[in-house]
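Protein chains in written order, with the working numbering: chain E, 4 to 307; chain Y, 4 to 307; chain H, 4 to 307; chain U, 4 to 307; chain F, 4 to 307.
All C-beta atoms, glycine included, are put in the ideal place defined by N, C-alpha and C.
What follows is a single structure, written as structure tokens, with notes after it.
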Amino acid sequence: MTLNPTIKAILDNYESDNPGTKANLARILTAGHLGGTGKLVILPVDQGFEHGPARSFAINPPAYDPQYHYKLAIDAGLSAYAAPLGMIEAGADTFAGQIPTILKVNSSNSWATSISQAITGTVDDALRLGCSAIGFTIYPGSDGIFDAMNEIREMSAEAKAVGIATVIWSYPRGGDISKKGELSLDVGAYAAHMAALLGAHIIKVKLPTADIEQKEAVEVYKNGDWSTQAKRVAHVRQACFAGRRIVVFSGGATKGSDALYQDARDIRDGGGNGSIIGRNTFQRPRDEALEMLAKIIRIYKNEE
Amino acid sequence: MTLNPTIKAILDNYESDNPGTKANLARILTAGHLGGTGKLVILPVDQGFEHGPARSFAINPPAYDPQYHYKLAIDAGLSAYAAPLGMIEAGADTFAGQIPTILKVNSSNSWATSISQAITGTVDDALRLGCSAIGFTIYPGSDGIFDAMNEIREMSAEAKAVGIATVIWSYPRGGDISKKGELSLDVGAYAAHMAALLGAHIIKVKLPTADIEQKEAVEVYKNGDWSTQAKRVAHVRQACFAGRRIVVFSGGATKGSDALYQDARDIRDGGGNGSIIGRNTFQRPRDEALEMLAKIIRIYKNEE
Amino acid sequence: MTLNPTIKAILDNYESDNPGTKANLARILTAGHLGGTGKLVILPVDQGFEHGPARSFAINPPAYDPQYHYKLAIDAGLSAYAAPLGMIEAGADTFAGQIPTILKVNSSNSWATSISQAITGTVDDALRLGCSAIGFTIYPGSDGIFDAMNEIREMSAEAKAVGIATVIWSYPRGGDISKKGELSLDVGAYAAHMAALLGAHIIKVKLPTADIEQKEAVEVYKNGDWSTQAKRVAHVRQACFAGRRIVVFSGGATKGSDALYQDARDIRDGGGNGSIIGRNTFQRPRDEALEMLAKIIRIYKNEE
Amino acid sequence: MTLNPTIKAILDNYESDNPGTKANLARILTAGHLGGTGKLVILPVDQGFEHGPARSFAINPPAYDPQYHYKLAIDAGLSAYAAPLGMIEAGADTFAGQIPTILKVNSSNSWATSISQAITGTVDDALRLGCSAIGFTIYPGSDGIFDAMNEIREMSAEAKAVGIATVIWSYPRGGDISKKGELSLDVGAYAAHMAALLGAHIIKVKLPTADIEQKEAVEVYKNGDWSTQAKRVAHVRQACFAGRRIVVFSGGATKGSDALYQDARDIRDGGGNGSIIGRNTFQRPRDEALEMLAKIIRIYKNEE
Amino acid sequence: MTLNPTIKAILDNYESDNPGTKANLARILTAGHLGGTGKLVILPVDQGFEHGPARSFAINPPAYDPQYHYKLAIDAGLSAYAAPLGMIEAGADTFAGQIPTILKVNSSNSWATSISQAITGTVDDALRLGCSAIGFTIYPGSDGIFDAMNEIREMSAEAKAVGIATVIWSYPRGGDISKKGELSLDVGAYAAHMAALLGAHIIKVKLPTADIEQKEAVEVYKNGDWSTQAKRVAHVRQACFAGRRIVVFSGGATKGSDALYQDARDIRDGGGNGSIIGRNTFQRPRDEALEMLAKIIRIYKNEE
């Protein structure tokens, strides 16, 4: 399969990476219905760890079964499926070779007494389970952020040496950052930039609001036009090395389909690389989720 | 000995595991009177570490001898025997090949100043002692939970590579979890789910009450019917990857035989895989314990 | 991409392998025009090492460039491309993600004073270069065969742990084996079986003649009908664990197209998995090679 | 290329270093327009980590692209370019061999809840990316200074063994040091001296004021003449082993060109080795920055 | 320093290498008077090991001093200097940063009882001594060739990981190769090709004669025109991945200047990358050697 110029251009941006890592990035960029477009839709299912099983799956009980998610991602023609160790182990053999997987290697939970995460998977796990990437969450702003950076530096270096890509979920939280500030534009762009500086190949952040959280940043943002979400996405993309790193946006809490479609359009129009949509898919009935994902894919293909 | 479809179906769920690990799971699933049923009764004797010897064994002095427990488990036709290093070492030769053993590799004690555990055994110990699995306790909710997760990730990866199964005791405790909440349904299901996500082959949790501890979870549970223990067991099983992982329930503090029989019926009716019963056996006279275990086994065989 | 039952059935035969290795086998089995058929055509270019550059490429000078072979394999829609370290390094970045690659990790040469091979690549190289498999040649019958078996045992074990598949080229040679015997049916089947016993995922042997080399084997072969090449292929397939291991056949020295088409038909009719064709492709002009490969692919698809 | 006596004399001061480290120091000392003068101008771009992308680059949007900085440093004929992992990775291949690079291996950020830094790069990264040095920031005075010293001791020892030079950014901060004191002469000289004592090859400090912060130091400074910046620079140079270690001064926050030129003259006249100028370059339009850097270089060449 | 398109194009051929290795190749390609031309002249001084000191240096006694050779290479404006450990150690500090060095990591000697080499240096040595590459000799055809290939595979992999380039001296010798055959065209091209397949960045071979040594190769060479040395060089270049790998030619035994100049013209006209000239330089008086090297450099610059 010859890669088209769009994908070649994206891979060329990862100029310090070995061919193994690029091959895994290429797998993600050529999988599913968006293969070859440079756009991605990723299904992440780490809600069970973060919020517990009932809050995650009770609304759609078939989703208690890890293989439900593999099937959903494959049948919807998504770009990749991301989940913690146990979830990947429960389907990695059945679905080997059917969709690129991202092993979420650290995880928090609702009862955590600090804003931090446990390491729950390794690069060796990713290799034996055939994953194309590891996924790691950092909480910029939290007390434990330096420890987390040390961890991802080690894991990412190990991964890069064996051809595994690195995805960083960068969620500002804790410390001096206000609840509202977690979604502010300056904070979101900064969080994305940190992930890029840490050497991430793919960066996942939340869609930002037009708020500016940091006093010191007000000045630099005041003359910008941040009135539309697409413009805010464009700014986050700028913060990801002017588009040299892939950036995808999370859907956040469950919301209406129309809002999701608008998000996808804004991400597309702002030059973002796509969506990582968890709860908004597996907390809907399968048929409805498939229909919604099909429409989102059409949006990313500029067909809607 | 051909494995019957019930056992084959259970083993098939562990699809990412190597044949060595599956063979050890098969040993547990085919041992004793419940062999081949997919049900398990396991004897755990880590009370000495947790509560001290007198509180554990004075009521039934022969139980001070580690070989007492091996004999009890074998004579009762149980599925496996679980204990800390010293207990296993004191009988592993005499009873080699007679019953699957689970080396409990971490342990707390009554004097612990934190809600945590020490690593007191290793995968190498499990290999040299012929154990089929390692057992590890986590305390979701405690301050040290992330450290414990790091530990079990390492030990479990090591065990899986050499064909040793992993059993996780998941006991919510500490942090914001109330004493009552430790047994609540939402917390129990979440704790079981975390163990599954960490890659456990067998999950051990407590039988939950109908309480809901977490405010955020009230909504998702409010329309469910949790009035019977069997229904609650069914929910925990759901949280264990919709039954893709073996889940057994602990008997808790010593209680009357009838209560234990009812527990077993409820576990059976809810689709749980069995019981792990310590104090309720070895703190009774041997004959009484054997009789009780025989009856529990008949219940799991649907004979009572 | 959902795998079809044909491919699932092949992968199921590798039941002791981890999902990572299966994913790499799946990549080979789903690549190119034969993707999903269970048939393979692989381009191997190790002739330069074995016979020198001029004997390999002078007849078709563009083939001196390693990227020529990558392009040929991709444009022809082949299943994989196999070559030594330097050849893979010279194109692994340009063609990352475009075709599964097999790193040939040992190599002989025309001047070798023993029937043996040097290790010229490693599993680490395979990982950093994004290869799906390592390829290793053994010479059953040679003085050095036990050393070679020790080497592939170590490399294959390392590869399996990190999800890399193993291809064994099994070429009987040396010792008491006569030149004619190298191609005899009993020797060929034996060589294929040894590769299977060594743990190969994919076995490469030569198309055997109807000769029987070993005196001790005459008795067991005498009542068989080995008159057609398809029947001989079927016997070699039998020797590869009754079809549980993929077996592909080499085209040998350059020959006429019609002979190659007949070989492909015989391999197909005998239940072999395909061809590994080197000199017969790159020693022809590119257009002619593409046309020939297209026809061979149609044969394997039962279209001719 | 023969090194001139100026450069040889500087290298001779690093008499305990191996030739690999000296070769990398020589690369920095011979690069760009100041090559061979013993003077340096270094471009550091870690502002994105420290202050976020918009505060760093919004004023000059092309600077969001990491390659902008490589090009600026090369086109301006600077001595080296320093940046964190992600920034270096995004241009290390394109600009390989074009300018010495310094991998900034620790980084803080605006939201840090302690005066500390995360390790975000390693000596192995420096080797694979072709960097001539690692850069490390310490905050003398902060609670975490001993940890930071432990870290740089380990990393610097590792770097020296493989021929990589060490640059220490020494910024007094925290503890009993007042805000004003951070820039005082005694504190600045002390901070520079600590970096020298830690084994730095190149020391980066801020230009000090004439204030004396430490009561115990007043006596020793009272008879000195610290009225000019050049004299203060000379004192800091003294603190860097009487000039046996290279010391460069940071430009601080963006300021007018004339102030920067005066700084350069003072550094030159005081015997300092040069400037490390970040924001004052990349926060100006490229043409203006190039013009300014050209003039600074002329100043260091004694041409203005 | 911006690299020109000639050098960029050469570096691009090393597409699987990390930026560190490319930076070291760039150093060699930009050093000396031929910097930026894509041509190289390298001074190798391993004759002392191979032939003993008197046979190497008695004719020009100043050459007993290792620093003589460093100076000669620097003063002549060569691209690199290659020598065994002791020779490099004796000048690496004095000449740090003045010329790229190649640590010859294996060496033979006149008394060797087998056609083989001892490992006399390591990648760690190369790093501590600031070398840009390791150099390794193989003797294709010899009994020990497979062991040598194993050694260079390991050392080269280690070197590539830390950004050190690999130069392979490929000298056919031993086994069935006749003395005359060592210089034959087919053997020389094959030897160069093997070095390329082993992953060498720079290949060093001897200028071949028009003889064809191997019977099997006669056919493929018979229609070629090998009458001029330039055409033979072009063929060797072809064998080095059609020019994707740098190939330099050795001057062989001491000969007249005119012959050397003609060699250089032929190498240039045939598309070779340059000369590696040892005895022909250091066995001449320094002035004469400098004059000769200046003329060779002018030839490579197309000025003569």
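Should residue i go down as buried or exposed, given a rule of 16 or more other Cβ atoms within 10 Å for buried?
i	result
Met90/U	buried
Gly227/H	exposed
Val221/H	exposed
Met197/U	buried
Thr5/F	exposed
Asn112/H	buried
Asn27/H	buried
Asp261/E	exposed
Gly259/H	exposed
Ala85/Y	buried
Glu157/H	exposed
For residue i and residue j, which I take to be in contact (beta-carbon distance under 8 angstroms), what is that distance rounded to the nearest angstrom?
i	j	result
Ile205/E	His36/E	About 18 angstroms; that fails the 8 angstroms criterion.
Phe139/U	Trp114/U	That belief does not hold up - the Cβ atoms of Phe139/U and Trp114/U are roughly 21 angstroms apart, past 8 angstroms.
Arg271/E	Gln50/E	Actually they do not touch by this definition, with Cβ atoms about 25 angstroms apart.
Ile141/H	Met152/H	7 angstroms
Ala57/U	Val223/E	5 angstroms
Gln120/Y	Ser135/Y	With 8 angstroms as the limit, Gln120/Y and Ser135/Y do not qualify as a contact, their Cβ atoms being about 21 angstroms apart.
Val208/F	Gly191/F	5 angstroms
Lys298/E	Glu307/E	7 angstroms
Phe244/E	Ala213/E	With 8 angstroms as the limit, Phe244/E and Ala213/E do not qualify as a contact, their Cβ atoms being about 23 angstroms apart.
Check each candidate in the options and name the one with the smallest Cα separation from residue i.
i	options	result
Asp266/H	Lys234/H, Glu291/H, Arg287/H	Lys234/H
Pro22/U	Phe98/F, Ala83/F, Val48/F, Glu291/F	Phe98/F
Asp146/Y	Ser111/Y, Gly178/Y, Asp15/Y, Cys134/Y	Gly178/Y
Ala164/F	Leu130/F, Tyr71/F, Ala292/F, Gln232/F	Leu130/F
Leu14/E	Ile249/E, Pro288/E, Ser253/E	Ile249/E
Gly38/E	Tyr17/H, Lys183/H, Lys11/H, Gly100/H	Gly100/H
Leu88/Y	Leu32/Y, Ala262/Y, Pro47/Y, Ser82/Y	Pro47/Y
Ile105/H	Ser187/H, Ser82/H, Ile118/H, Arg247/H	Ser82/H
Leu296/E	Ala76/E, Ala85/E, His238/E, Leu186/E	Ala76/E
Glu92/Y	Asp150/Y, Ala242/Y, Thr231/Y, Gly133/Y	Gly133/Y
Arg289/F	Lys218/F, Thr116/F, Tyr73/F	Tyr73/F
Phe149/F	Arg176/H, Ser117/H, Gln217/H	Ser117/H
Tyr264/E	Ser230/E, Ile302/E, Glu294/E, Gln286/E	Ile302/E
### Message
Give me the subset of the region 86–110 of chain U whose CB atoms are less than 8 angstroms from a CB atom of chain F, sorted by chain position.
### Response
Ala95, Asp96, Ala99, Gly100, Gln101, Ile102
### Query
Are the region 270–283 of chain E and the region 42–57 of chain E touching by the rule of at least three beta carbon pairs closer than 8 angstroms?
yes
### Query
Between the region 114–131 of chain E and chain Y, which residues of the former have CB atoms less than 9 angstroms from a CB of the latter, in chain order?
Trp114, Ala115, Thr116, Ser117, Ser119, Gln120, Ala121, Ile122, Thr123, Gly124, Thr125, Asp127, Asp128, Arg131
### Message
Taking 8 angstroms as the cut-off, does the region 61–73 of chain E touch the region 12–22 of chain Y (at least 3 CB pairs, one atom from each stretch)?
### Response
no
### Query
For the region 220–254 of chain U, which residues have a CB atom closer than 9 angstroms to at least one CB atom of chain F, in sequence order?
none
### Task
Name, going along the chain, the residues of the region 190–201 of chain F whose beta-carbon falls closer than 7 angstroms to a beta-carbon of chain H.
Ala192, Tyr193, His196, Met197, Ala199, Leu200, Leu201
### Query
For the region 136–153 of chain F, which residues have a CB atom closer than 9 angstroms to at least one CB atom of chain H, in sequence order?
Pro143, Gly144, Ser145, Asp146, Ile148, Phe149, Asp150, Ala151, Met152, Asn153
### Query
Can you list, in chain order, the residues of the region 17–28 of chain H whose Cβ is nearer than 8 angstroms to any Cβ on chain Y?
Glu18, Ser19, Asn21, Pro22
#### Entry: Chain-ordered residues of the region 69–82 of chain E with a beta carbon less than 7 angstroms from chain H
Ile77
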